[in-house]
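Engineer: So in the numbering used here, the last one in the sequence shown is 456, and the numbering has no gaps at all.
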Amino acid sequence: MPREIITLQVGQCGNQIGAEFWKQLTLEHGISPDGIIQPYATKGSDRKDVFFYQADDEHYIPRALLVDLEPGVIRRIQSSEYRNLYNPENVYIHSQGGGAGNNWGSGYHQAESVHEEIMEMIDREADNSDSLEGFTMLHSIAGGTGSGVGSYLLEKLNDRYPKKLIQTYSVFPNTKYSADVVVQPYNSILTLKRLTLNADAVVVLDNTALNQIATNRLNITNPSVSQTNSLVSTVIAASTTTLRYPGYMNNDLVGLIASLVPTPRCHFLCCGYTPLTIDKQNQLNIQKTSVLDVMRRLLQPKNLMVSSSTRKGCYISVLNIIQGEVDPNQVHKSLHRIRERRLARFIPWGPASIQVVLSKKSPYVKSAHRVSGLMLANHTNMHSLIRENTDDFDKIYKKKAFLNNYKEADMFRDDVDLHAEFDESREIAECLIQEYKAAESVDYPQWTPNTTSAYR
1 MPREIITLQV GQCGNQIGAE FWKQLTLEHG ISPDGIIQPY ATKGSDRKDV FFYQADDEHY
61 IPRALLVDLE PGVIRRIQSS EYRNLYNPEN VYIHSQGGGA GNNWGSGYHQ AESVHEEIME
121 MIDREADNSD SLEGFTMLHS IAGGTGSGVG SYLLEKLNDR YPKKLIQTYS VFPNTKYSAD
181 VVVQPYNSIL TLKRLTLNAD AVVVLDNTAL NQIATNRLNI TNPSVSQTNS LVSTVIAAST
241 TTLRYPGYMN NDLVGLIASL VPTPRCHFLC CGYTPLTIDK QNQLNIQKTS VLDVMRRLLQ
301 PKNLMVSSST RKGCYISVLN IIQGEVDPNQ VHKSLHRIRE RRLARFIPWG PASIQVVLSK
361 KSPYVKSAHR VSGLMLANHT NMHSLIRENT DDFDKIYKKK AFLNNYKEAD MFRDDVDLHA
421 EFDESREIAE CLIQEYKAAE SVDYPQWTPN TTSAYR
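1. Enumerate, from N- to C-terminal direction, the unbroken beta strand (DSSP E) stretches of 3 or more residues contained entirely within the stretch 239 to 291.
2. So, at 6 angstroms on beta carbons, what are the nonlocal neighbours of R100 in its own chain, with the 5 sequence-adjacent residues on each side left out?
3. Under 7 angstroms between C-beta atoms, does S367 make it to chain D?
4. Taking all protein chains shown into account, do 16 or more other C-beta atoms lie within 10 angstroms of the C-beta of V3, making it buried, or fewer, making it exposed?
5. Would you call S362 buried or exposed, if buried means 16 or more other Cβ atoms sit within 10 Å of its Cβ?
6. Let's test the definition: count the other Cβ atoms within 10 Å of the Cβ of N222 and tell me whether it reaches 16, buried, or not, exposed.
7. What do you get for A420, buried or exposed, if any count of 16 or more other CB atoms within 10 angstroms of its CB means buried?
8. Which partner residues of F378 appear in the DSSP bridge assignment?
9. Y82 to Y273, Cα distance in whole Å?
10. Measuring only the C-alpha atoms, how far is P351 from I17?
11. Under DSSP, the alpha helix (DSSP H) around E81 begins and ends at which residues?
12. How would you call D394, buried or exposed, if buried means at least 16 neighbouring beta carbons within 10 angstroms?
13. How about V203 and C314: are their beta carbons less than 7 angstroms apart?
14. For V442, I'd like the list of residues in its chain whose CB is within less than 6 angstroms of its CB, leaving aside the five on either flank, ordered along the chain.
15. Does the count of Cβ pairs from the stretch 377 to 391 and the stretch 312 to 330 closer than 8 angstroms reach three?
16. How many Å lie between A439 and F268 at the Cα?
17. Please go through the same chain and pick out, in chain order, the residues whose beta-carbon is closer than 8 angstroms to the beta-carbon of L66, but skip the five residues on each side of it.
18. Would you kindly work out how many angstroms separate the C-alpha atoms of I31 and R47, rounded to a whole number?
19. Specify the secondary structure class of Q355 as computed by DSSP and reduced to three states.
20. Using alpha carbons as the reference points, say which of V235, P328, N102 and Q434 lies closest to R387.
21. Assign S80 to buried or exposed, taking buried as 16 or more other Cβ atoms, counted over all protein chains shown, within 10 Å of its Cβ.
22. Please classify Q300 as buried or exposed, where buried requires at least 16 other C-beta atoms within 10 Å of its C-beta.
23. Just mark Q446 as buried or exposed, buried being the case when its beta carbon has 16 or more other beta carbons within 10 Å.
24. Just confirm the distance between the C-beta atoms of V183 and F402, as a whole number of angstroms; I'd bet it's less than 8 angstroms.
25. A142 and P173 - do their beta-carbons sit closer together than 7 angstroms?
26. Would you mind sorting S372 into buried or exposed? The rule is 16 or more other CB atoms within 10 Å of its CB.
27. DSSP state of A199, grouped into three classes?
28. Am I right that I5 and E133 are in contact with their C-beta atoms under 8 angstroms? What's the rounded C-beta distance?
29. Helix or strand or just coil, what does DSSP make of H383?
30. CA-CA distance, S226 and A214?
31. Does DSSP classify G143 as helix, strand or coil?
32. Would you check if the distance between the CB atom of L319 and the CB atom of S259 is smaller than 7 angstroms?
33. Which whole-angstrom value describes the C-beta separation of K193 and S367, a residue pair presumed to lie in contact below a C-beta threshold of 8 angstroms?
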């Protein structure tokens with residue numbers, strides 16, 4: 001029986017990534033842009049039902065909700081060749097269409113005021129599922145809608161569906177250069193609190209690293225949003241292959257998360273993919289893709305979609321999903337070679353091994369490479385990425401800069417409430433940093449957070 005997953009696309013970034021993700025899934029399952037199964041794909045052994053369901057007229061519809069406070073991106077999706085793919089009842093655009101003005105408080109407040117309408121859509125999708133396993137959210141933490149509406153929905157989902165898993169693919173802002181949005185650090189830390197307390201796993205997609213990969217690895221001078229989104233959709237699709245082409249292990253979301261998240265709060269995952277391609281020209285970059293070659297590349301920081309280097313700190317867990325025609329003996333030899341050369345340093349208090357899952361490739365999508373691989377890893381140096389965000393937050397918060405932007409939201413009308421929320425969010429981010437640092441020590445199992453916040 002399939003374990004269904006409902007996808008929530010929130011805000012401009014979430015819907016742009018989601019559009020690319022569904023393009024990839026329809027290709028991999030042999031489904032046309034209108035949702036009709038192609039004649040050559042009628043006898044496949046894949047599990048379409050995890051992410052799609054069949055309508056009465058036999059066409060496949062994504063289990064997806066498209067949510068935004070302004071109409072731009074969703075209207076473009078609705079006028080694209082994929083306009084008939086989605087269920088029009090699962091699209092929510094705020095009636096005023098003014099957006100959140102890059103303000104977390106505005107996004108959160110607007111979500112609160114219309115939550116019944118959005119939750120009714122989610123409940124309807126959940127009721128239509130035979131065995132719902134959980135939710136996947138695609139969003140950015142830096143803007144207003146992805147952060148504010150996303151935060152509110154995380155809290156509501158946790159409250160309404162406490163036994164269902166919540167996984168997010170969260171795009172973190174580029175902290176290396178000046179922010180496009182001056183209140184970006186506030187939005188990020190306020191959202192980080194909800195990701196820490198209300199999500200079971202967060203796959204971190206760092207804009208800094210995505211731009212570096214596109215520029216340095218794929219030789220694209222000025223990578224466009226669609227090109228970086230293409231990278232992201234490839235990773236999301238690859239991370240779900242074991243759910244859609246099940247094998248003997250990690251064929252459901254709980255198995256995937258359980259193998260990567262040994263402790264509840266340290267659930268921020270980095271990911272890497274190789275060989276990286278955006279178009280057919282780039283497929284000429286790599287000549288050979290053996291299992292060892294792919295597994296070695298996955299451990300190189302330059303192939304990770306997070307800017308915090310894995311050369312510092314330790315791996316808490318590593319899962320490699322290897323796609324293609326692979327002999328298991330090659331996997332064992334590759335793991336032995338990686339151990340011999342000590343290419344990965346693991347925590348001292350847990351098992352020191354790379355888990356490998358072999359997954360099928362879609363027979364309907366041609367690839368120039370014999371083998372490809374995705375790595376999902378839990379690494380202690382995730383604290384350095386979170387520290388970059390807290391440092392940016394501290395720079396403007398200590399001057400109480402731009403706080404008037406947030407006082408327009410009802411929840412922040414009172415200065416006491418505003419500072420209480422900001423202070424607690426900052427404290428929870430600090431606790432997360434300290435826990436990731438503590439995880440590098442052999443004494444970590446005895447570690448307790450020094451806080452009175454909800455982090456406990």
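Ideal Cβ positions, reconstructed from N, Cα and C, are used throughout, including at glycine.
Structural biologist: Put simply:
1. 268 to 274
2. Reading off the sequence shown, one finds Ala at residue 100, where the question assumed Arg. These residues qualify, in order along the chain: L69, S106, G107, G144, T145 and G148.
3. Given the protein chain composition of this structure (a single chain), no chain D is represented.
4. Note on residue identity: the sequence assigns Arg, not Val, to residue 3. Under this definition R3 is a buried residue.
5. buried
6. exposed
7. exposed
8. The residue asked about is misnamed: residue 378 is Asn in this sequence, not Phe. DSSP lists S317 as partners of N378.
9. 26 angstroms
10. 34 angstroms
11. Premise fails: E81 is in no alpha helix (DSSP H) and is neither H nor E.
12. exposed
13. no
14. P348 and W349
15. yes
16. 13 angstroms
17. Q9, N15, G18, I74, I77, Y86, N90, V91 and Y92
18. 13 angstroms
19. strand
20. Q434
21. exposed
22. exposed
23. exposed
24. 5 angstroms
25. yes
26. buried
27. coil
28. 6 angstroms
29. helix
30. 11 angstroms
31. coil
32. yes
33. At roughly 40 angstroms, the Cβ-Cβ gap does not stay under 8 angstroms, so K193 and S367 are not in contact.
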